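Sequence positions in the sequence shown follow our numbering and run 708 to 1615. Glycine included, every Cβ here is placed at the ideal spot set by N, Cα and C. Note that this is a predicted model, so its numbers are computed, not measured.
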Amino acid sequence: MKFILKTYFENINKKINNIRIKNCSEYTFRTDFENFLNVSKIENSINIVHEKKSIGFGKPDFVLEKNDFVLGYIEVKNIQKNISDKILNSEQIQRYLRFCNNFIISNYRDFILFRNEKIILKSSLFSLKDKKLKGKNIEETENLLKSFFSYKPELIRKPKKLSVILAYKTKILRELLNNLEEKRFKKEIYGLYNIFKTTLIEDLKYKDFIDTYAQTITYGLFLSRLNVDKKINRKTAFSEIPKSLGIIKDIFRILKADEIPKNISWIIDEIVESLNNIDIENLQKELSFSKKKNNEEDPYVYFYEHFLAEYDKTKRKSKGVYYTPIQVVKFIVKSINDILIKDFDKDFTSENVKVLDFAAGTGTFLLETFKETLKEFSSDTEKKLFIKNRLLKNFFAFEYLIAPYTIAHLKLSKYLEEEGHKFDNENIEDRLKIYLADTLDNTEHKDIFGFMNLSEEGHFANEIKVKEPVLIVMGNPPYNSKSQNNKNFILELLQEYKKNLNERKINLNDDYIKFIRYAQCKIDGYNSGDTKIESLKKGIIGIITNNSYLDGISHRQMRKSLLETFDEIYILNLHGNSIKGETDKNVFDIRVGVSIALFVKKQTKSNKIGKLFYFSTLDNNIFYRKDKFNFLEKNNLKSINWKKLKPKKPNYWFVERDLSLEKSYNKFWSLKEIFKMYSSGIQTKRDRITIHFSKKSLKELKNNFLKLSENELKEKYSLENGRDWSIKNAIEDLKTNDNIQKIDYRPFDFRFTFLSKKSKKFIAYPRYKIMKHFENKENIGLCFSRIWDLKKNYTGFFVTKFISDVHFSNGQTYVAPLYIYNEKFNKLDTVEEKSVNFTKEFQKYFYKKYKEYKKPEEILSYIYAVLNNPNYRKKYFEFLKSDFPKIPFVNDEKIFDKLSKIGKKLID
708 MKFILKTYFE NINKKINNIR IKNCSEYTFR TDFENFLNVS KIENSINIVH
758 EKKSIGFGKP DFVLEKNDFV LGYIEVKNIQ KNISDKILNS EQIQRYLRFC
808 NNFIISNYRD FILFRNEKII LKSSLFSLKD KKLKGKNIEE TENLLKSFFS
858 YKPELIRKPK KLSVILAYKT KILRELLNNL EEKRFKKEIY GLYNIFKTTL
908 IEDLKYKDFI DTYAQTITYG LFLSRLNVDK KINRKTAFSE IPKSLGIIKD
958 IFRILKADEI PKNISWIIDE IVESLNNIDI ENLQKELSFS KKKNNEEDPY
1008 VYFYEHFLAE YDKTKRKSKG VYYTPIQVVK FIVKSINDIL IKDFDKDFTS
1058 ENVKVLDFAA GTGTFLLETF KETLKEFSSD TEKKLFIKNR LLKNFFAFEY
1108 LIAPYTIAHL KLSKYLEEEG HKFDNENIED RLKIYLADTL DNTEHKDIFG
1158 FMNLSEEGHF ANEIKVKEPV LIVMGNPPYN SKSQNNKNFI LELLQEYKKN
1208 LNERKINLND DYIKFIRYAQ CKIDGYNSGD TKIESLKKGI IGIITNNSYL
1258 DGISHRQMRK SLLETFDEIY ILNLHGNSIK GETDKNVFDI RVGVSIALFV
1308 KKQTKSNKIG KLFYFSTLDN NIFYRKDKFN FLEKNNLKSI NWKKLKPKKP
1358 NYWFVERDLS LEKSYNKFWS LKEIFKMYSS GIQTKRDRIT IHFSKKSLKE
1408 LKNNFLKLSE NELKEKYSLE NGRDWSIKNA IEDLKTNDNI QKIDYRPFDF
1458 RFTFLSKKSK KFIAYPRYKI MKHFENKENI GLCFSRIWDL KKNYTGFFVT
1508 KFISDVHFSN GQTYVAPLYI YNEKFNKLDT VEEKSVNFTK EFQKYFYKKY
1558 KEYKKPEEIL SYIYAVLNNP NYRKKYFEFL KSDFPKIPFV NDEKIFDKLS
1608 KIGKKLID
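Structure follows, in structure tokens:
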């Protein structure tokens, strides 16, 4: 090799002398370098591929292949540039290192060899200064190249390592598909996207489809590899996928084509390469259920959790994806079985016991149900017959995301195979009844020629969704307060929870609430208009969800409806709400509190409203996650010391409340009864852009918005358009908006903004109907929260002279101006008249109660004093934490005046 290195050096040196070093580019020596690699390789079977610039997106300059195996990659830089730390730490190189286990970076004279993201060898063949070869340099470069060419990858033995590798390569595939330029292939992808929308998920966005498609390719290949003992390739993987997973096969059709662009196919081949480099025997052992202890983590969930963490950390938040701890799943499944035995004289093995997991995820609930069911069989023959004739026919599930859907099929199939069932991969009927479907949408999907599997999946799912009565609904529905599931089907069902609420803003849009309502209808039935859901008029729901519905004020009709439907309701409140300031630990890695709920409807309802049983881990000093898990493991429905609550109208609380002062408290005046007009504070949706510390910076931003293009603004300010705020609307508003207003952004934190007059402009929700009364006017307003937390060390009540933000104080801030300004027109001018913002009913009550006239400011001062009185806050905390404050007006006028003066001091 010494001669080869000398020849290479001479060729480079000669070319430098001919064209001068300053005229050299990154591509000047590519051919010389490629020739050098070809004569340096230690085996003829090694093929060196020089990637053209046009297809090099995301891929290094040279790929070395050996017997359909990628041996390594080389990236080259301009000969004039040293390989600095800046280059090595650049996004491009770091990206390459994540998927290139055997990687060289070179500037034609220096070489650095990486192995598994770490530098293992360095060499410098020559420098541009002396342009001389030294024996030591030749030897170091020779050793580096030999090490590179002789690389043998270490087998992947652990699921965690494989999941991380696959996640990163899938992320690259997603990026490449999102930046697709090849027209023919892009047309095929877009056609498949439209087919998905037509047959399965009508409101699927293209970006989400690409994400789905990339994950499907990876998990389809993974599935294919686990099904065979031999290596796979991109074209043969299709045939290894069971017919029962027709959706995956339909998506894989496009991969069979030879016309896949090279800038896509290379990363798919990389994924295949990783899968072919697994220790299949050891991996299958790691993924086996028979090798796991009772409470060990589900290996498939563990696999997908690691995949998701690497692939897209924000996905689980945006989709509300959180996987259920096994202790929670076991408790719910065993409790359902106990109720079946106690109230229905059945168990999971009984004929016609049909089960639906309405948010399957990776199939954890179904897996535990299978285990609970199959342990009843001592005979293998009986067990096999039950699996074939009952379990595969009567246990259903829906899942919206394709990766967990695939994992669920894979996991449960493997479990049943270990229990003795042999799936017929050629029989499309021999499958798990897990469907890729949106539980909250019953849209009838069209048939598409050539993609019957996709069409049938949607048809079958809809049949089960509305026409197949089930006895049990279970699962862990997504937690997502900004739900985008707004199809007519679920919105119609949800109207039941909104009856007679008389609320300005009804916060019932969280996905989990919609899932509970669907489950309720699935057990109790529904028939109104064009929507009909068949049911047995009896059954059980077993779920874990966000616990906000237990004591949310806007959830009172939901609670009433559930009590009217079900005979017995069991609430195991696991708490863990760090947003509210609860000090215990959540069973999930989330901030909202959670609870387990079991709803039981018997054949004939005995009472007008059901019985409510409640247990709180917080009230029973169970604070830590491990202690909560231990409690769930050691207890069952019978052993828990339930408290029987007696929910009463109008709120029907699902938690234990001290309501001994309710009668007297309800005689007080609510703030919403005192003030005629009030609203929440302004909501910008882009605080970083719209709220400024100075008028100067606000004006500078306006100038930029008016002179730069949308794309330039996106780049400069890292902006994205959304449903409630867009760059276009903000620009349009700023063209005529000079209305700079001081804003109470946070307590004692005054800033500036342009106040919009209409929604979804520069300010998304300016609440102008209220805020205009502070707009360059003499006024004062009361800021208050509807739900208050005694544990916080500051009050939720303030006063303001300016417009205020929705998060000005504790939680969501409301503001009520003391005065309302109205324009009055006369012949000479337009003047503004102000009137007090008290309701007629309140004014009538107040001026009848007190003999002496009180100014509006005095009344406001009194209210402010009451709200800031520690004794009032402590005494009525049970009521303050769930609704707008109510104000007591004392009978003694002297005490009123005294409190009013205290309030004025606080205001001043």
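- One thing to note: LEU873 has its Cβ within 8 Å of the Cβ of THR925.
- The DSSP assignment places 1434 to 1441 and 1475 to 1478 as complete runs of the alpha helix (DSSP H) inside the segment 1423 to 1509, in order along the chain (cut-off: 4 residues).
- ASP976 sits buried, since 16 or more C-beta atoms from the chains shown fall within 10 Å of its C-beta.
- Beta bridge pairing from DSSP links ILE1276 with PHE1306 and LEU1319.
- Non-local beta-carbon contacts of SER1589 in its own chain, meaning distances under 7 Å to residues more than five positions away in sequence, involve ASP1258, ILE1260 and ILE1494 in chain order.
- Between ASP1064 and PHE1103, the alpha-carbon positions lie close to 6 Å from each other.
- Within a 10 Å sphere around the beta-carbon of SER732 sit fewer than 16 other beta-carbons, which makes this residue exposed.
- Judged by beta-carbon spacing, ILE786 lies beyond the 8 Å limit of ILE812, meaning their Cβ atoms are not closer than that value.
- Between THR1391 and ILE1470, the CB-CB gap stays under 8 Å.
- The segment 880 to 895 makes no contact with the segment 847 to 860, as fewer than three CB pairs between them are under 8 Å.
- Each residue's CA atom was taken as its position, placing LEU880 and ILE1286 some 37 Å apart.
- Here VAL1597 carries a coil assignment [DSSP, helix/strand/coil].
- In this structure, the CA atom of LEU1462 is about 14 Å from the CA atom of GLU1439.
- Per the Cβ contact rule, the segment 1540 to 1557 is not in contact with the segment 1413 to 1433 (fewer than 3 Cβ pairs under 8 Å).
- Within the segment 716 to 783, the runs of alpha helix (DSSP H) at least 4 residues long that lie entirely inside it are, in chain order, 737 to 747.
- Counting only runs of 4+ residues, the alpha helix (DSSP H) found wholly inside the segment 851 to 895 occupies 866 to 885, in chain order.
- Close CB contacts of TYR1112 within its chain, under the 6 Å cut and outside five residues either way in sequence, are with GLU1106 and LEU1143 (chain order).
- GLY1127 sits in coil when the DSSP states are folded into three classes, being neither helix nor strand.
- Contact between ASP1291 and LEU1243 is absent: CB atoms are separated by about 38 Å, not below the 8 Å threshold.
- Sixteen is the threshold: when 16 or more other Cβ atoms of the shown chains lie within 10 Å of the Cβ of ARG1393, as they do, the residue is buried.
- Collapsing the DSSP output to three states places ASN983 in a helix.
- Across the set TYR875, ASN814 and LEU835, the C-alpha of ASN814 shows the shortest separation from the C-alpha of ASP739.
- Note on THR1088: under 16 other CB atoms within 10 angstroms of its CB, so exposed under the neighbour-count rule.
- Within the segment 1096 to 1123, the runs of beta strand (DSSP E) at least 3 residues long that lie entirely inside it are, in chain order, 1102 to 1106.
- Listed in chain order, the alpha helix (DSSP H) elements of length 4 or more contained wholly in the segment 1367 to 1394 are 1369 to 1372 and 1378 to 1381.
- Burial state of PHE1400 is exposed, judged by a 10 Å Cβ sphere holding fewer than 16 other Cβ atoms.
- For LYS1140, the enclosing beta strand (DSSP E) covers residues 1140 to 1143.
- Assignment of beta-bridge partners to PRO1524 by DSSP yields GLY1488.
- By the neighbour-count criterion, in which 16 or more other beta carbons inside 10 Å mark a residue as buried, ASN1544 falls on the buried side.
- Contact between the segment 1159 to 1176 and the segment 934 to 954 is present, with at least three C-beta pairs closer than 8 Å.
- Sixteen is the threshold: when 16 or more other Cβ atoms of the shown chains lie within 10 Å of the Cβ of VAL1060, as they do, the residue is buried.
- Bounds of the alpha helix (DSSP H) holding LEU1073 are 1071 to 1081.
- ASN934 is not bridged by DSSP to any residue.
- The DSSP assignment places complete beta strand (DSSP E) segments of no fewer than 3 residues inside the segment 1172 to 1226 at 1179 to 1182, in order along the chain.
- Under the three-state reduction of DSSP output, LYS1267 falls in the helix class.
- The Cβ atoms of LEU1208 and LYS1221 lie no closer than 8 Å to each other.
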